[in-house]
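**Student:** Chains as they are written, first to last, in numbering that gives the first Met the number 0: chain A, 0 to 344; chain B, 0 to 344.
Below is a structure I'd like to ask you about.
2 protein chains.
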Amino acid sequence: MTKNSKPTIYEVARKAGVSRQTVSRVINNRPDVAPATRQRIMKIIDELDYHPSAIARSLSQQRSYNFGLLTAGLEYMGPSTTLSGIAKKSEELNYGLYLKELPSFNANNIHPLLEWFLARQVDGIIWAVPEIGANRDWIKDSIEDIRVPIIFLTSAKREKISIVTIDNYFGARQATQHLLDQGRKQIGHISGPMDWWESRQRLKGWQDALREAGIEPEERMVAEGNWSSKSGKQAFEKLQITFPEMDAVFSGNDQMALSILQTACTENIKVPGDLAVVGFDGLPESAYFSPALTTIFQNTIELGCTAVRTLARMVEERDIEPSREPVYITIKPDLIIRRSSTPVE
Amino acid sequence: MTKNSKPTIYEVARKAGVSRQTVSRVINNRPDVAPATRQRIMKIIDELDYHPSAIARSLSQQRSYNFGLLTAGLEYMGPSTTLSGIAKKSEELNYGLYLKELPSFNANNIHPLLEWFLARQVDGIIWAVPEIGANRDWIKDSIEDIRVPIIFLTSAKREKISIVTIDNYFGARQATQHLLDQGRKQIGHISGPMDWWESRQRLKGWQDALREAGIEPEERMVAEGNWSSKSGKQAFEKLQITFPEMDAVFSGNDQMALSILQTACTENIKVPGDLAVVGFDGLPESAYFSPALTTIFQNTIELGCTAVRTLARMVEERDIEPSREPVYITIKPDLIIRRSSTPVE
DNA sequence: GTGAAAGCGCTAACAT
DNA sequence: ATGTTAGCGCTTTCAC
């Protein structure tokens, strides 16, 4: 070993006068090493500032203790709490994380990406790309080829794949029901882009809640946005024309709700007096909108944690019982009631 | 090779009737292979669906073509645009990315983290943890030990380390100067936490701009927040007491500015009539606050891209010229003028 | 243009 | 409790 190169297991073994295997046992905390030997080896490891090569280990064990995380649209993702949950939980369970971002939501060529992960011997894959258009169609053709467990976030239920998702339908029903409970009858909806699965779920929740209350949802009561504040403004202006009697609106996310509040403010529409508003997401700032926004809080940290926890379990169980049933876990979001939807005293 | 295990370079070589080295040359696009041989081998690679093991490659090349990215407080990081820039640029330059998140901003035990990256043979490290308190003190003791290039984001200038950062001081001066240009004289400041280097830079920019205008900044004109909307509200309320003549406020970020606007709205303070407000960050939503918020836009995508581009260059140059001068790159933010600070017509 | 030998740093399986 | 052998899948170096 020269001065500049890091020591290997071999140097440690030589200095300690043992075989590499014994050193290996020590660094892997195996029980079958004599206490004295262990002490001696540990001392030498310390002196040499030896650190085992994870690469070599991955090669010989044929696994890396890494997960592959695939995302898309990170820059739009609001506070990246899902990511944070994933990162924290992975760390806790002693897995490393490879991060990849798709260049666009509708990536067509999935295979190179999967292969990139597989070439690095990841133990599992987290698919954190929203379900949009046909961007899940590859699954049915390729899911069998993937030799590691894979978990999907934010996804419609499907055969043979494991999913962890927020219950968007439930959240939307809750939001709409809350507005009905406030005595509102003319409840509009600003949806996200309709090619997003999440948007469709939220739309459906709004529709079903209305129907259950004996109100038939009509086309003119809905306007489509693209999640941005800007699009929310346009959608709201459209609703004002197609649905002038509107006395409440359920917005597909908080950012679009923000521009409803803003438009209302400049046009002297009283919120909640003339118009009650409910958002979706539960951004921390939503409590500081004017007025404070009633919203559906989705716990994305928990979403991330659950995904990783589940994936880790899949990895471990796989050793014992190869092909288990896929899981389908939904996380219920919570209604947070604030000023924007509550009666004026 | 059994049916279930993936083919190795050896299987390809055997099927093609060549040695493994020849296959290696093909998969690495080396020129010294006969065209016919190359064709034949490529065909077999395709048939076998062979994919080289990045792990084995890393081991034998002693490098991984991965970067290590260390972050902290992902969940508060607003839209994770820096991350997005980093991910996109890494992908573009053909580097993989390990993502780690510190459990807290003031992590004390840095060495295990560094070793984790080094054990995986990363080619370079991106330190995307904000500079807070003494959380950079480890650098002077350990920077020499790190055997790979490392680049710091958002950091004060230092000897011997490479840095890419937004010019916070410049941005704050710009913001304050803009308010002065509008004829405001009583300009308060809501700062971020004072143990953050960024906060101190912004404070300093505000101070220097005032001084240059012949106004002496006083303690009572500043209130400290913690970046959250909630803290911004409290800070603003404090300023209303300590600095009642205030006719403008420069907020350390947009989220705190939001709650200034909100408080002003409920207390019937006219913005910008009675109070001009400028934020910092340039969140997309800030255009939809009421009124639309004047702010300092920091291009964090570019920040991330620049960091990766620089790091990649450091990696490549290292082969040629071992110890180059460290770089110090600042990115100038831009003033975006909107309703919240412009004169009422 | 191609191949043989040696090695990257570690661990699994089987001795002893 | 410890050592030996034989890989893991690829690249580097040198020979031809």
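Every residue gets a Cβ at the ideal spot worked out from N, C-alpha and C, and that includes glycine.
Could you tell me which of A/Ile259, A/Phe242, A/Leu260, A/Ile268 sits nearest to A/Gly187, measuring between CA atoms?
**Tutor:** One-based indexing of the first sequence puts residue 187 of chain A at position 188. Nearest C-alpha to A/Gly187: A/Phe242.
**Student:** If you run the structure through DSSP and keep just helix, strand and coil, what is A/Trp205?
**Tutor:** As a working mapping, residue 205 of chain A is identified with position 206 in the first sequence. DSSP places A/Trp205 in helix when its eight states are reduced to three.
**Student:** Using a 10 Å radius around the Cβ and a threshold of 16 neighbouring Cβ atoms, would you call A/Ser103 buried or exposed?
**Tutor:** To locate residue 103 of chain A, count along the first sequence from 1; it is residue 104. Result: exposed.
**Student:** Using a Cβ-Cβ cut-off of 8 Å, state whether A/Thr80 counts as contacting chain B.
**Tutor:** Locating residue 80 of chain A in the first sequence gives position 81, counting from the first residue. Yes, its Cβ sits closer than 8 Å to a Cβ of chain B.
**Student:** Measuring straight from C-alpha to C-alpha, what distance separates A/Gly170 and A/Asp253?
**Tutor:** Within the first sequence, residue 170 of chain A is the residue found at index 171, counting from 1. Within the first sequence, residue 253 of chain A is the residue found at index 254, counting from 1. Rounded to whole angstroms, A/Gly170 to A/Asp253 spans 13 Å at the Cα level.
**Student:** When the distance is taken between beta carbons, is A/Leu274 closer than 8 Å to A/Met245?
**Tutor:** Translated into the one-based positions of the first sequence, residue 245 of chain A becomes position 246. Translated into the one-based positions of the first sequence, residue 274 of chain A becomes position 275. A contact, by the Cβ cut-off of 8 Å.
**Student:** Quick one: grab the DSSP three-state call for A/Glu46.
**Tutor:** Mapped onto the first sequence, residue 46 of chain A falls at position 47. Reduced to three states, the DSSP call for A/Glu46 is helix.
**Student:** Quick one: which chain B residues come within Cβ less than 7 Å of A/Leu96?
**Tutor:** Looking up residue 96 of chain A in the first sequence gives position 97. Tyr97, Leu98, listed in chain order.
**Student:** Who are the neighbours of A/Lys387 on chain B, taking C-beta pairs under 8 Å?
**Tutor:** The requested residue 387 of chain A is not part of the displayed model; chain A covers only 0 to 344.
**Student:** How long is the line joining the alpha carbons of A/Gly251 and A/Asn167, rounded to whole angstroms?
**Tutor:** Locating residue 251 of chain A in the first sequence gives position 252, counting from the first residue. Locating residue 167 of chain A in the first sequence gives position 168, counting from the first residue. Between A/Gly251 and A/Asn167, the C-alpha separation is close to 10 Å.
**Student:** Would you tell me roughly how many angstroms separate the C-alpha atoms of B/Val277 and B/Glu284, rounded to the nearest one?
**Tutor:** For the purposes of this step, residue 277 of chain B is taken as the residue at position 278 of the second sequence. For the purposes of this step, residue 284 of chain B is taken as the residue at position 285 of the second sequence. The straight-line gap from Cα to Cα measures roughly 14 Å.
**Student:** Do we get a CB-CB distance below 8 Å when we pair A/Thr36 with the residues of chain B?
**Tutor:** In the first sequence, counting from the first residue as 1, residue 36 of chain A sits at position 37. Cβ-Cβ to chain B under 8 Å: no for A/Thr36.
**Student:** By how many angstroms is the C-alpha of B/Glu218 removed from the C-alpha of A/Thr1?
**Tutor:** The count along the first sequence starts at 1 and reaches residue 1 of chain A at position 2. The count along the second sequence starts at 1 and reaches residue 218 of chain B at position 219. The predicted model places A/Thr1 with a pLDDT of 40, which falls under 50 and marks its position as unreliable, so this point remains unresolved.
**Student:** Are any of the Cβ atoms in chain B nearer than 8 Å to that of A/Met0?
**Tutor:** Position 1 of the first sequence holds residue 0 of chain A. Residue confidence for A/Met0 is low, a pLDDT of 37 falling below 50, so the modelled location carries little weight; the figure read from the coordinates is stated next. No - not a single Cβ of chain B is within 8 Å of the one on A/Met0.
**Student:** For A/Ala247 versus A/Ala234, is the C-beta spacing smaller than 8 Å?
**Tutor:** Within the first sequence, numbered from 1, the residue matching residue 247 of chain A stands at position 248. Within the first sequence, numbered from 1, the residue matching residue 234 of chain A stands at position 235. In this structure, A/Ala234 does not lie closer than 8 Å to A/Ala247 by Cβ.
**Student:** Does chain B have any CB closer than 8 Å to the CB of A/Gln173?
**Tutor:** Position 174 of the first sequence, counting from 1, holds the residue named residue 173 of chain A. Cβ-Cβ to chain B under 8 Å: no for A/Gln173.
**Student:** Please determine, among A/Ile131, A/His177, A/Gln181, A/Thr175, the residue with the shortest C-alpha to C-alpha distance to A/Met193.
**Tutor:** Within the first sequence, numbered from 1, the residue matching residue 193 of chain A stands at position 194. Taking only the C-alpha atoms, the option nearest A/Met193 is A/Ile131.
**Student:** Mind checking the region 274–288 of chain A against chain B and listing, in chain order, the residues whose C-beta falls within less than 8 Å of any C-beta there?
**Tutor:** Going along the region 274–288 of chain A in chain order, one finds Pro283, Glu284, Ala286, Tyr287, Phe288 with a Cβ nearer than 8 Å to chain B.
**Student:** Between A/Ile165, A/Asn65, A/Tyr75, which has its C-alpha nearest A/Thr327's C-alpha?
**Tutor:** Here residue 327 of chain A refers to the residue found at position 328 of the first sequence. Residue identity check: residue 327 of chain A is Tyr in the sequence provided, not Thr. Among A/Ile165, A/Asn65, A/Tyr75, the Cα nearest to that of A/Tyr327 is on A/Ile165.
**Student:** Counting contacts by CB-CB distance shorter than 8 Å, is B/Ser340 in contact with chain A?
**Tutor:** Indexing the second sequence from 1 puts residue 340 of chain B at position 341. Output row for B/Ser340: interface = no.
**Student:** Sort out for me which residues DSSP pairs B/Ser190 with in a bridge.
**Tutor:** Start at 1 with the first residue of the second sequence, and residue 190 of chain B comes out as number 191. Paired residues: B/Glu223.
**Student:** Any contact of the region 175–184 of chain B with the region 149–166 of chain B, i.e. 3+ C-beta pairs under 8 Å?
**Tutor:** Segments in contact, no.
**Student:** Do B/Ser289 and B/Ser258 come within 8 Å of each other at the CB atom, strictly closer than that value?
**Tutor:** Taking the second sequence and counting its residues from 1, the one referred to as residue 258 of chain B is at position 259. Taking the second sequence and counting its residues from 1, the one referred to as residue 289 of chain B is at position 290. No, these two residues do not count as a Cβ contact at 8 Å.
**Student:** Is B/Ile149 close to chain A? Criterion is C-beta to C-beta, closer than 8 Å.
**Tutor:** Here residue 149 of chain B refers to the residue found at position 150 of the second sequence. No - not a single Cβ of chain A is within 8 Å of the one on B/Ile149.
**Student:** Could one say the Cβ of A/Cys264 lies closer than 8 Å to chain B's Cβ atoms, at least one of them?
**Tutor:** Taking the first residue of the first sequence as 1, we reach residue 264 of chain A at position 265. A/Cys264 counts as touching chain B.
**Student:** So which residues on chain A does B/Ala118 lean against when the C-beta distance must stay under 7 Å?
**Tutor:** As a position in the second sequence, residue 118 of chain B is number 119, starting the count at 1. Simply His50, Pro51, Ser52, Ala53.
**Student:** Please name the residue in A/Phe296, A/Arg62, A/Lys42, A/Arg308 whose C-alpha comes closest to that of A/Lys331.
**Tutor:** Within the first sequence, the letter at position 332 stands for residue 331 of chain A. Nearest option by C-alpha distance: A/Phe296.
**Student:** I'd like to check one pair, A/Thr341 with A/Pro271: are the Cβ atoms closer than 8 Å?
**Tutor:** Start at 1 with the first residue of the first sequence, and residue 271 of chain A comes out as number 272. Start at 1 with the first residue of the first sequence, and residue 341 of chain A comes out as number 342. A contact, by the Cβ cut-off of 8 Å.
**Student:** Which residues, in chain order, does the region 298–312 of chain B contribute to contact with chain A at a C-beta distance below 8 Å?
**Tutor:** Correct list: Ile300.
**Student:** Return yes when the Cβ of B/Leu68 is within less than 8 Å of the Cβ of B/Lys99, no when it is not.
**Tutor:** Numbered from its first residue, the second sequence carries residue 99 of chain B at position 100. Numbered from its first residue, the second sequence carries residue 68 of chain B at position 69. Cβ atoms of B/Lys99 and B/Leu68: closer than 8 Å.
**Student:** Taking only three categories from DSSP, how would you classify A/Leu257?
**Tutor:** Start at 1 with the first residue of the first sequence, and residue 257 of chain A comes out as number 258. Helix.
**Student:** Among all the DSSP beta bridges, which residues are the ones paired with A/Tyr97?
**Tutor:** For the purposes of this step, residue 97 of chain A is taken as residue 98 along the first sequence, with counting starting at 1. A/Tyr97 pairs with A/Gly67, B/Tyr97.
**Student:** Is B/Ser57 close to chain A, meaning its C-beta is less than 8 Å from at least one C-beta of that chain?
**Tutor:** As a position in the second sequence, residue 57 of chain B is number 58, starting the count at 1. So, interface residue.
**Student:** Give me the Cβ distance between B/Glu197 and B/Gly204, rounded to the nearest whole Å; I'm assuming they're in contact under 8 Å.
**Tutor:** For the purposes of this step, residue 197 of chain B is taken as residue 198 along the second sequence, with counting starting at 1. For the purposes of this step, residue 204 of chain B is taken as residue 205 along the second sequence, with counting starting at 1. About 11 Å separates the two Cβ atoms, so there is no contact after all.
**Student:** Taking only the alpha-carbon atoms, compute the straight-line gap between B/Val17 and A/Gly16 and give it to the nearest angstrom.
**Tutor:** The count along the second sequence starts at 1 and reaches residue 17 of chain B at position 18. The count along the first sequence starts at 1 and reaches residue 16 of chain A at position 17. Rounded to the nearest angstrom, the two C-alpha atoms are 42 Å apart.
**Student:** Select from the region 228–245 of chain A all residues with a C-beta closer than 8 Å to any C-beta belonging to chain B, and list them in chain order.
**Tutor:** Result list: Ser228, Lys229, Gly231, Lys232.
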